[in-house]
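Enquirer: Have a look at this one before I ask anything.
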Amino acid sequence: MRLQFILVKLVRGLLTMLLAVTFVFVVLRLSGDPVTMMLPDDTPAAVIAEYRAMWGLDRSLPEQYVRYILSAAQGDLGYSFRDDRPALAVVLERVPMTLLLGLSGFAITVVIGLFAGIAAALKRGTGIDHAAMAFSIFGHSMPNFFLAILMILLFSMTLRVLPSSGGSTWWHLILPAVTLGIINAGTVARFTRSSMLEVLHQPYMRTARAKGLKLTRRVTSHAIPNAAIPVVTILGLRLGALIAGAIVIESVFAWPGIGLMLVNAVGQRDLPVVQTIVLLVALTMVVTNFIVDIAYGWLDPRIETREAKES
Amino acid sequence: MTVLEADRLSADSNRRRDPISSRGAARADTVLAVEGLTVGTGRADLVIDVSLDVRAGETLCLVGESGCGKSLTCLAAMGLTSEPLIRKSGRISFLGQDLSLLRENQLAEIRGRDMAMIFQDATAALNPVRRVGMQIAEVLVVHRGLTWSQAMKQAVELLASVGIPDPAGRANAYPHQLSGGMNQRVMIAMALACRPKLLIADEATTALDVTTQVQILKLMKELQAETGAAMIFVTHDLGVVAEIADRVAVMYSGRVVETATVDDLFERPLHPYTRGLMACRLHATTTSHGRIAAIEGTVPSPSKRPEGCSFRPRCPYASDECMALPALRPIAGIYGADQHRAACHFAEDFARAGS
Ligand SMILES: Nc1ncnc2c1ncn2[C@@H]1O[C@H](COP(=O)(O)OP(=O)(O)OP(=O)(O)O)[C@@H](O)[C@H]1O
Ligand code: SF4
Ligand SMILES: [Mg+2]
């Protein structure tokens, strides 16, 4: 990949993060004073003023913003109002749990989505196809939290086979990860199916048959490498949705990741923690996006030539 | 060129023109026999009642204007018709074996190894995300059981044999990095990889410049002489037909309207359509090396064929009798009668007038 391309991506990524942080910064500060919300009602005005000064909330909004951005650029994201530790440290503690949930959900999405999509395309018009597409619509139209509640009702309350809340054992991972996986697998399955169907009708697939390749080889070696190209984009986009979904899912299942922490921190007006989480999520999106671009160029050899022609 | 050399050349071209009929009793060396093949979609028949056969070492040319069903006939011969195309009737036997009795896996073993096809649009027919060397090597891995490195080495040799410069470098290229002519040669190399007993070449040389075309035709003929392969060669170019064919089948609007040995056909074309093609060729030779130019009018759409003879609206000899469908039949009164068939009510008259 060329340097110019990387630079453009980098600048775009930084802008995305700046935008996300700015938005959260402004909204949080306009939506109520953290000090009065945190301290008991009968706290003397002097104490309140002292806290304000300590957290820098006594300055004007633009000044706070500039100071925040400048120190964030140096890696200082401020101190948690609650915990009196660096916000980054507080958040990073919970990151592994979210990664665990997110990646498990993503793995389930990929496996179910690709498998269902490919099977549906190969068995087009049969029961398998209809079942896969019904599943896809189900996943697509079902809100995160609703499916989460259904899962809890079924597996925790009725069947009593899986725990519904917390994150202390591996068993606790199953319900939230599967919920997350199913929600996103539907879209992936639909895209995989249509991408595969298009590829299966291409002249080179007929060539593969004329060469005497058996079905398995035609699919794995000729159809999938072509069908994968648009699917990878969707997977990248889904990864973003997955992170957003994880935040909802975490709070329903009380999974101790940054999603749950975010919800709590917003309630407590722990501004540095909220901002740090938003920044991390934005960073993940940007990095994912970049990885998708790289994967794209790697999967489709035509891209580089196209880029070269355009410039 | 001495007389001796000329003699050897014509022997090399490996032609057999024995006047004995091959119809009916399938001869021992018949590689492919198509009988009464009809292919179509739900809406229309696209190939109608086509019968063809090719013997080992023989080259059959399929000619006709665009849309006459040449490519579909080839696809059906490979058993490659897939939805929305349906094979409605007919029998295809390859080396004496009825292809419709074989399962898809058994067909897969034959395809690419014993019968191979060069597709019309090579760039579309190659997989855009796989290197061309790999696409050739794959055939050898699957059918010959070679390892990938052996197969790649052989793929490079094949690329060299079809006249691709820097074959080792080109083997690593993707189809979009090569010209249409180069891709065409890649396709040819791929089809020749396992030295098939039947080679179907659908406009294999159309995308190539004249020099390359001559070179590739020569290569295919050499390979045919060496392996005794049967060849079906689809082309618009009557110059190429004269060069390469032993026998010719002329197709019009889904049907075979005339078949003959190449000399017989050029000497006395009996079907008015064939005559039209020849006349066009005479006019057009200097401008577009014999590519079929327009006969007045166009090929009817398969869903709107005129009643009776499909050529009727364009035929200068059309009369009331032509409202009935003329049968493709041996035309008496000329030499090699059994070999020369035509589907025109007046073919006998034309034959008599000609002799
Ligand atoms: N998959 C398909 N579905 C429907 N109709 C088709 C299909 N493939 C070909 N046809 C139609 O069948 C007829 C014959 O097509 P075919 O490709 O065999 O012609 P051709 O003689 O090879 O022409 P050309 O010289 O242009 O290659 C055409 O009318 C074409 O539109
Ligand atoms: S049958 Fe009639 S219309 Fe058809 S080619 Fe012969 S003369 Fe012409
Ligand atoms: Mg064609």
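Heads up: the protein sequence lines correspond to chains A and B, in order.
Under the numbering used here, the letters of the first sequence match residues 916 to 1226, in that order.
Under the numbering used here, the letters of the second sequence match residues 114 to 468, in that order.
No residue lacks a Cβ here, since even glycine has one placed at the ideal position from N, Cα and C.
By the DSSP assignment, the alpha helix (DSSP H) with F938(A) in it spans what residues?
Expert: Run containing F938(A): 918 to 945, per the alpha helix (DSSP H) assignment.
Enquirer: Consult DSSP for I1149(A) and reduce its assignment to one of helix, strand or coil.
Expert: Here I1149(A) sits in helix by DSSP.
Enquirer: Using a C-beta to C-beta distance shorter than 9 Å, which residues of chain A count as neighbours of P241(B)?
Expert: By Cβ distance, chain A contributes Q1117, Y1119, N1141, D1215, P1216, R1217.
Enquirer: Quick one: what's R368(B) bridged to in DSSP?
Expert: Answer is Y365(B).
Enquirer: Below 7 Å on C-beta distance, what does M265(B) contact in chain A?
Expert: Result: empty, since nearest Cβ-Cβ is about 15 Å, beyond 7 Å.
Enquirer: For a minimum of 4 consecutive residues, which ranges assigned as the alpha helix (DSSP H) are wholly contained in the stretch 261 to 314 of chain B?
Expert: Fully enclosed alpha helix (DSSP H) runs of 4 or longer: 261 to 274, 280 to 284, 293 to 305.
Enquirer: Nearest by alpha-carbon distance to V1010(A): which of R1217(A), M1066(A), M1176(A), T1203(A) is it?
Expert: Out of R1217(A), M1066(A), M1176(A), T1203(A), M1176(A) has the C-alpha closest to the C-alpha of V1010(A).
Enquirer: For R914(A), list the residues DSSP reports as bridge partners.
Expert: Outside the shown range of chain A (916 to 1226) lies residue 914(A), about which nothing can therefore be said.
Enquirer: Which word fits D433(B), buried or exposed, when buried means at least 16 other C-beta atoms lie within 10 angstroms of its C-beta?
Expert: The residue is exposed, with fewer than 16 neighbouring Cβ atoms inside 10 Å.
Enquirer: Classify S179(B): buried if its beta carbon has 16 or more other beta carbons within 10 angstroms, exposed otherwise.
Expert: Exposed, since its Cβ has fewer than 16 Cβ neighbours within 10 Å.
Enquirer: Taking only beta-carbon atoms, is R1124(A) less than 9 Å away from chain B?
Expert: So yes, R1124(A) belongs to the interface.
Enquirer: Taking Cβ-Cβ distances shorter than 7 Å, what residues in chain B pair up with H1087(A)?
Expert: Per Cβ cutoff of 7 Å: no residues; H1087(A) is ~42 Å from chain B at best.
Enquirer: Contact criterion: CB-CB distance below 9 Å. Does V347(B) meet it with respect to chain A?
Expert: It does not: the Cβ of V347(B) has no partner Cβ on chain A nearer than 9 Å.
Enquirer: So what's E148(B) in DSSP terms, helix, strand or just coil?
Expert: E148(B) falls in the strand class under three-state DSSP.
Enquirer: Have a look at R244(B) and L193(B) and give me their C-alpha separation to the nearest angstrom.
Expert: Going by the C-alpha atoms only, they are around 24 Å apart.
Enquirer: Could you check whether the Cβ of G1212(A) sits closer than 9 Å to any Cβ belonging to chain B?
Expert: So no, G1212(A) is outside the interface.
Enquirer: Under 8 Å, with one C-beta from each stretch per pair, do the stretch 239 to 259 of chain B and the stretch 323 to 340 of chain B reach the 3-pair mark?
Expert: With a cut-off of 8 Å, the stretch 323 to 340 of chain B and the stretch 239 to 259 of chain B do not count as touching, because too few Cβ pairs lie within range.
Enquirer: Determine, for L1130(A), whether the minimum Cβ-Cβ distance to residues of chain B falls below 9 Å.
Expert: Cβ-Cβ to chain B under 9 Å: yes for L1130(A).
Enquirer: In this structure, how does DSSP classify G225(B) when only helix, strand and coil are distinguished?
Expert: Coil at G225(B), not helix or strand.
Enquirer: Determine the extent of the beta strand (DSSP E) in which C187(B) is found, giving its start and end residues.
Expert: Element bounds for C187(B): not the beta strand (DSSP E) but the alpha helix (DSSP H), 183 to 190.
Enquirer: Evaluate contact between the stretch 279 to 296 of chain B and the stretch 1157 to 1171 of chain A, counting only Cβ atoms and requiring at least three cross-stretch pairs below 8 Å.
Expert: Taking 8 Å as the limit for Cβ pairs, the verdict is that the stretch 1157 to 1171 of chain A does not touch the stretch 279 to 296 of chain B.
Enquirer: Counting beta carbon pairs with one atom in the stretch 375 to 394 of chain B and one in the stretch 411 to 421 of chain B, are three or more of them shorter than 8 Å?
Expert: In short, these stretches do not touch, since the Cβ pair count stays below three.
Enquirer: Opposite M344(B) in the DSSP bridges: which residues?
Expert: Its beta-bridge partners are T172(B), L312(B).
Enquirer: Is the closest heavy atom of ligand 1 to the C-beta of D315(B) under 8 Å?
Expert: Under cutoff, so the answer is yes.
Enquirer: Contact between the stretch 304 to 317 of chain B and the stretch 346 to 353 of chain B: three or more CB pairs below 8 Å?
Expert: Judged by Cβ distances under 8 Å, the stretch 304 to 317 of chain B makes contact with the stretch 346 to 353 of chain B, as three or more pairs qualify.
Enquirer: With DSSP collapsed to three states, give me the class of A373(B).
Expert: A373(B): strand per DSSP, three-state reduction.
Enquirer: Does any residue of chain B have a CB that is nearer than 9 Å to the CB of M1200(A)?
Expert: No, M1200(A) lies away from the interface with chain B (no Cβ there is under 9 Å from its Cβ).
Enquirer: With a threshold of 9 Å between beta carbons, is A237(B) in contact with chain A?
Expert: Closer than 9 Å to some Cβ of chain A, the Cβ of A237(B) qualifies, so yes.
Enquirer: Is any heavy atom in ligand 2 found nearer than 8 Å to the beta carbon of E434(B)?
Expert: Under cutoff, so the answer is yes.
Enquirer: Is there a Cβ of chain A sitting closer than 9 Å to that of A464(B), yes or no?
Expert: False, the Cβ-Cβ gap to chain A never drops below 9 Å.
Enquirer: Am I right that Q297(B) and A273(B) are in contact with their C-beta atoms under 8 Å? What's the rounded C-beta distance?
Expert: The pair is not a contact, with the Cβ atoms about 16 Å apart (cut-off 8 Å).
Enquirer: How is K334(B) classed by DSSP in three states: helix, strand or coil?
Expert: In this structure, K334(B) counts as helix in the three-state DSSP scheme.
Enquirer: For D359(B), is the classification buried or exposed, using 16 other Cβ atoms within 10 angstroms of its Cβ as the cut-off for buried?
Expert: Counting Cβ neighbours within 10 Å, D359(B) comes out buried, since at least 16 surround it.
Enquirer: Within a Cβ cutoff of 8 Å, which residues of the same chain sit near A1047(A), ignoring the five residues on either side of it in sequence?
Expert: Contacts found: A1031, G1032, A1034, A1035, A1104, R1108.
Enquirer: State yes or no: is the C-beta of C181(B) nearer than 8 Å to some heavy atom of ligand 2?
Expert: Not under cutoff, so the answer is no.
Enquirer: Report the rounded CA-to-CA distance for M932(A) versus I1218(A), giving the unit in angstroms.
Expert: For M932(A) and I1218(A), the distance between alpha carbons rounds to 27 Å.
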